[in-house]
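If you want our numbering, it's the position in the sequence shown, counting the first as 1, plus 10.
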Amino acid sequence: MNKNNWTFIDLFAGIGGFHLAMHSLGGKCVFASEIDKNARETYKYNFNYISPEIFDENLFNDDIRSISPSEIPDFDVLCAGFPCQPFSQAGFKKGFGDNDKSERGNLFFNIVDIIEAKQPRAFFLENVRGIVNHDNGRTFKKITEILTDELGYSFYTNIVNASDYGLPQLRPRVFMIGFKNDYKNNFEFPKKLPLKFNMSDVWGGYCSREIGFTIRVGGRGSNINDRRNWDAYLVDGVVRKLMPKQAKKMQGFPDNFHFPVSNTNTMKQLGNSVAVDAIKECADSLVQYMNTLKKQNNIDKKLTKNKGEWTEIYAFIKLIHDKKLIMSNKDLTAQNNYLKVNKISTLNIKESCYLSTDDKVIIKNNKTEKIIKVSNFINNDIIKKLASKIKNGKKTFNIPEFDLIQDKLGISIIKGGNSYQKADIALDIENKDIQAKNEGFGIKSYFGNKPTLLNASGNTNFIFSVNGVSKNDIDKINKINTKTKLKDRIESIYKLGGSLTFYKIEKDSMEYNLSMIDSNMPNIVAQMLLQFFVNRTSSIKQNVRNVFKNNAINNKFEDLNSLKVKIKRLLLAILLGFFAGKKWNGKYIANGIIVVKENGDQLGFHIIQQNNLEDYLFDNIKFDTPSTTRHRYGSLILENDNKIYFKLNMQLRFLNK
């Protein structure tokens with residue numbers, strides 16, 4: 011990646027301090043988001059000619075919660091000065107529990123969703139210093155763990171003053187920078203720089219302070235001798251109040267940066283902005299390090315993988331050994347029939363592995379063909395050993411035996427890079443019912459935690475409007491923190507005479523996809539979620555019965571069986587067809603699944619036995635409870651429309667087998 015050939019997105023963009031800094035280093039902005047209408051006006055006024063594409067192509071978003079990560083163009087660096095009020099004294103330090111003003115305390119997790127889906131090369135986050143010690147350090151620890159343990163990024167942090175990089179302003183802020191595939195782990199923040207000018211230069215007269223106070227939002231007018239003073243300065247012996255001209259210079263904005271809003275709004279916008287020069291100096295180091303990482307990783311990238319990634323390789327190798335895929339019934343036990351496997355490949359390797367009737371395989375690509383005897387390095391003992399090592403592995407780890415097998419085969423068995431794919435492996439198969447090539451199969455493994463059918467994210471949040479509860483009840487209900495807090499919070503709403511009415515799914519893509527199955531499916535699933543969280547009916551099979559029995563969907567169906575049929579179709583569509591964050595075209599993009607059991611055996615399902623697969627899913631899928639903090643649900647929210655809402659999240663997981 012050349013210094014002048016990289017892209018970034020600008021989240022919680024404000025008036026564009028990050029944009030100015032990144033653009034000056036050669037970065038191209040491909041997406042921006044800002045909710046404040048006055049800040050949006052200033053942003054567009056100044057960047058309409060620098061980054062016209064984001065305005066022309068409707069990529070200047072006004073609420074980060076409204077867009078799915080799949081709708082954001084690919085990019086290299088994520089920039090975000092996410093809302094600081096929940097972690098500052100001004101916001102009463104509510105942190106992740108701040109559900110006022112569009113749940114601003116939880117918006118960090120929108121950043122997480124985007125990083126998880128788009129896998130950028132790096133991120134650059136900024137927030138107030140108070141976030142480090144908020145909630146006795148637990149908030150910052152949570153942020154660090156999510157970015158490192160869950161997302162796999164390195165994490166570097168430093169408290170930076172604007173004055174550290176040339177600007178005459180204190181403004182201590184926490185800078186957080188991280189990189190994907192950072193095996194060097196030696197990024198350093200740039201050395202401090204001397205002031206480029208001082209407060210006397212800012213005022214154009216002698217100022218009693220060389221470095222100014224932190225520019226803040228609100229509370230102007232304190233006496234110069236008040237310890238809370240931040241905007242009064244003694245200049246040439248006269249007390250003067252900070253105005254936009256001085257504040258703009260202290261924040262590092264150029265003279266030709268204009269504010270098409272009132273002075274009051276200008277000061278608010280500058281108080282909410284980042285110090286441009288500090289961002290630029292640290293971003294310059296970020297880009298240089300990112301370039302170095304790309305070169306180094308091409309040379310010595312570590313061969314560590316998680317359980318899921320190793321299982322995909324395991325399935326590939328076991329199929330070479332077995333040369334067949336035994337079909338399963340709905341109870342996950344072997345049937346008497348099987349699919350003969352003639353060829354195996356993944357979606358992003360050039361080679362294909364053709365299986366012969368003896369112990370040989372033929373590895374072919376467009377140019378070469380080689381025959382390999384595999385019995386010497388793939389046998390029952392090896393298969394059992396590989397299964398044991400995967401089951402006993404922790405986080406990401408290396409299995410040298412796998413590396414040896416891949417070397418002898420002469421191929422690297424890896425899944426395709428497209429995150430929106432249902433198939434982990436492609437097979438040429440045949441039996442008495444079918445003969446097909448390049449049939450896509452997903453892989454579900456019981457080597458680790460029970461596999462998921464639908465992962466939790468902001469895409470799977472269902473929003474309910476809350477009626478009959480006052481604003482004064484919000485904090486009281488949200489403070490309920492029992493082991494069954496979701497159930498207890500919902501019941502507390504009911505006890506106060508309130509009600510929950512399904513409003514919408516947070517992301518349009520998920521609502522669209524469910525409606526493709528049935529126009530009433532969003533409401534059906536919403537009622538199933540209420541049944542789960544209130545009565546703890548996790549089994550889909552039992553949940554459907556209870557929802558129908560309790561008339562929760564207003565007799566939209568003539569009988570229970572018709573409801574079951576629709577839910578079975580939904581589960582199959584989730585397995586083989588759609589992703590929550592992307593609108594579905596109605597087609598399946600895989601044709602079956604391979605289930606890797608805890609003992610290492612593999613069983614298959616294929617669409618030719620659709621009823622069998624649907625019954626298996628209906629009997630073996632349950633609702634699960636993901637983290638309420640991570641996925642931003644389970645609390646009353648006071649929205650900008652002055653109404654109260656409540657979210658429940660949908661995650662589906664396979665039962666134990």
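Backbone N, C-alpha and C fix where the C-beta goes; we use that ideal spot for every residue, glycine too.
When you compare only the Cα positions, how much space is there between Phe-119 and Asn-402? Roughly 31 Å between the two C-alpha positions.
Just to confirm, are Glu-322 and Phe-457 a CB contact at a threshold of 8 Å? Annotated as distal: Glu-322 and Phe-457, with beta-carbon spacing of 8 Å or more.
Measuring straight from C-alpha to C-alpha, what distance separates Met-538 and Ile-654? Going by the C-alpha atoms only, they are around 21 Å apart.
With contact counted as at least three CB pairs below 8 Å, one residue from each stretch, are the region 629-642 and the region 371-384 in contact? Taking 8 Å as the limit for Cβ pairs, the verdict is that the region 371-384 does not touch the region 629-642.
Alpha carbon of Ser-76 to alpha carbon of Leu-252, nearest angstrom: The straight-line gap from Cα to Cα measures roughly 37 Å.
Just to confirm my understanding: we take Arg-499, look at its own chain, exclude 5 residues before and 5 after, and list those with CB closer than 6 Å. What are they? Correct list, in chain order: Ile-487 and Ile-490.
Out of Val-142, Met-660 and Leu-540, point me to the one whose CA is closest to Glu-516's CA. Comparing Cα-Cα distances from Glu-516 to each of Val-142, Met-660 and Leu-540, the minimum goes to Met-660.
Beta-ladder partner(s) of Ser-549, from DSSP: Lys-632.
Uninterrupted beta strand (DSSP E) stretches inside the region 455-484 (no shorter than 3 residues): Entirely contained in the region 455-484, the beta strand (DSSP E) runs reaching 3 residues are, in chain order, 462-464 and 471-477.
Label Lys-574 either buried or exposed according to how many other C-beta atoms from any shown protein chain fall within 10 Å of its C-beta, with 16 as the threshold for buried. Buried: at least 16 other Cβ atoms inside 10 Å.
What's the call for Ser-455, buried or exposed, on a 16-neighbour Cβ count within 10 Å? So Ser-455 counts as buried.
Alpha helix (DSSP H) runs contained entirely in the region 189-229, provided each spans 4 or more residues: Runs of alpha helix (DSSP H) with 4 or more residues, each lying fully within the region 189-229, are found at 209-213, listed in chain order.
Please classify Arg-237 as buried or exposed, where buried requires at least 16 other C-beta atoms within 10 Å of its C-beta. Exposed is the call here.
Going along the chain, which unbroken runs of the beta strand (DSSP E) with 3 or more residues stay wholly within the region 338-408? Those beta strand (DSSP E) runs which fall completely within the region 338-408 and span 3+ residues are 344-355, 362-365, 370-374 and 379-383.
DSSP three-state label for Met-186, please. Assigned with DSSP and collapsed to three states, Met-186 falls in strand.
Cutoff 7 Å; reference Thr-470; Cβ partners in own chain excluding five residues on either side: Within the same chain, Thr-470 has close Cβ partners Leu-464, Met-520, Ala-590, Asn-659, Met-660 and Gln-661.
Arg-546 burial status per 10 Å Cβ neighbour count (16 or more: buried): Counting of Cβ neighbours within 10 angstroms places Arg-546 among the exposed residues, the total staying below 16.
Judging by CA-CA distance, which residue of Ala-285, Met-32 and Asp-611 is the nearest neighbour of Phe-263? When the alpha-carbon of Phe-263 is set against those of Ala-285, Met-32 and Asp-611, the nearest one is in Ala-285.
Note the first and the last residue of the continuous alpha helix (DSSP H) segment covering Asp-20. No alpha helix (DSSP H) contains Asp-20, which is instead part of the beta strand (DSSP E) from 16-21.
C-alpha gap between Leu-1 and Asp-368, whole angstroms: Because the chain is modelled from 11 through 667, residue 1 falls outside the range shown and cannot be assessed.
Classification of Val-371 by the beta-carbon crowding that lies within 10 angstroms, buried from 16 upward: By the 10 Å Cβ count, Val-371 comes out buried.
Nearest-angstrom Cα distance between Gly-215 and Val-245? The alpha-carbon atoms of Gly-215 and Val-245 are separated by roughly 6 Å.
Given 8 Å, three or more beta-carbon pairs between the region 623-639 and the region 433-453: With a cut-off of 8 Å, the region 433-453 and the region 623-639 do not count as touching, because too few Cβ pairs lie within range.
Rounded to a whole number of angstroms, what is the C-alpha to C-alpha distance between Ser-43 and Lys-328? Cα to Cα, the separation comes out at about 47 Å.
Is the beta carbon of Ile-25 less than 8 Å from the beta carbon of Ser-283? It is a contact, given that the beta carbons lie within the stated cut-off.
Three or more beta-carbon pairs under 8 Å between the region 202-217 and the region 172-188, yes or no? Short answer: they touch.
Take the Cβ of His-144 as the centre, count every other Cβ of all protein chains shown within 10 Å, and call the residue buried at 16 or more, exposed below. With 16 or more Cβ atoms within 10 Å of its Cβ, His-144 is classed as buried.
Beta strand (DSSP E) segments (min. 3 residues) lying fully within the region 493-528: Listed in chain order, the complete beta strand (DSSP E) runs (minimum 3 residues) inside the region 493-528 are 509-515.
Segment limits, alpha helix (DSSP H) that includes His-29: Per DSSP, His-29 belongs to the alpha helix (DSSP H) from 27-34.
Taking the continuous alpha helix (DSSP H) assigned at Leu-414, which residues delimit it? According to the DSSP assignment, Leu-414 belongs to the alpha helix (DSSP H) that extends over 410-419.
CB of Gly-188 within 8 Å of CB of Ala-132, strictly: Here Gly-188 is near Ala-132, since their CB atoms are less than 8 Å apart.
Under 8 Å, do Ala-694 and Val-170 count as touching if we go by C-beta distance? In the structure as shown, the chain begins at 11 and stops at 667. Residue 694 is therefore absent and cannot be evaluated.
Return the first residue and the last residue of the beta strand (DSSP E) that Arg-250 is part of. Here the beta strand (DSSP E) through Arg-250 covers 248-251.
For Asn-571, count the other beta carbons within 10 Å of its own beta carbon; 16 or more makes it buried, fewer makes it exposed. Which is it? It counts as exposed.
Return yes when the Cβ of Val-122 is within less than 8 Å of the Cβ of Leu-161, no when it is not. Cβ atoms of Leu-161 and Val-122: closer than 8 Å.
Own chain partners of Asn-339 with C-beta closer than 8 Å, once the 5 adjacent residues on each side are dropped: Taken in chain order, the residues that qualify are Gln-345, Asn-622 and Tyr-626.
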